[in-house]
Amino acid sequence: MRFPLFVDAVSRRSGLSPELSAVVARAVLGTVAERMTGGASSDPTGYLPQELSGGPASPIAPEEFLRRVGERAGVDEQTAGVGAAAVFATLREAVTVDEFRELVARLPGAAGPILGPDDGHP
């Protein structure tokens, strides 16, 4: 799935405008890249921004994850939460089950509340 189609799906799920969905999606994916063990260079989904370099993972609580997304996107935490949920739901459908599970497994900290009620399992 190309990024414009990904953003369109995020927009439909979240109810946010396509423009805001693109900003929030980039913020979510960038924050995911910071949290992934193994660095962004080994992104199992192919959706993380290429310009992000792989560094050490920085484990954070779900609330801090949403605060960082909101800060990056210039939105409040509620909008960040709606957008993050839509991004993860879209990723869940856009990649294989194994790719999504690998992504979830490489997110240090408690990812379940961000990923949704099924704890990240497609």
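Each residue of the sequence shown is one higher than the one before, starting from 84 at the first, in the working numbering. Backbone N, C-alpha and C fix where the C-beta goes; we use that ideal spot for every residue, glycine too.
Rounded to a whole number of angstroms, what is the C-alpha to C-alpha distance between residue i and residue j?
i	j	result
A110	I143	15 Å
L198	A156	19 Å
S104	S97	8 Å
R45	R184	Since the first and last residues shown for the chain are 84 and 205, residue 45 lies out of range.
E146	P87	28 Å
V152	L99	15 Å
V115	L186	9 Å
Quick one: is residue i buried, meaning 16 or more other Cβ sit within 10 Å of its Cβ, or exposed?
i	result
R85	exposed
V178	buried
R95	exposed
Give me, in chain order, the residues of the same chain whose beta-carbon lies closer than 8 Å to that of residue i; leave out the 5 immediate sequence neighbours on both sides.
i	result
L149	E160, A163, G164, A167, I197
Give me, in chain order, the residues of the same chain whose beta-carbon lies closer than 7 Å to that of residue i; leave out the 5 immediate sequence neighbours on both sides.
i	result
V90	P101, S104, A105, A108
T173	F89, A92, V93, R96
At which residues does the alpha helix (DSSP H) containing residue i begin and terminate?
i	result
G153	145-156
D181	180-188
S104	101-118
D159	Element bounds for D159: n/a, residue is neither H nor E.
Starting from the C-beta of residue i, find all residues in its chain whose C-beta is less than 6 Å away, skip the five residues before and the five after it, and write them out in chain order.
i	result
A169	V93, R96, S97
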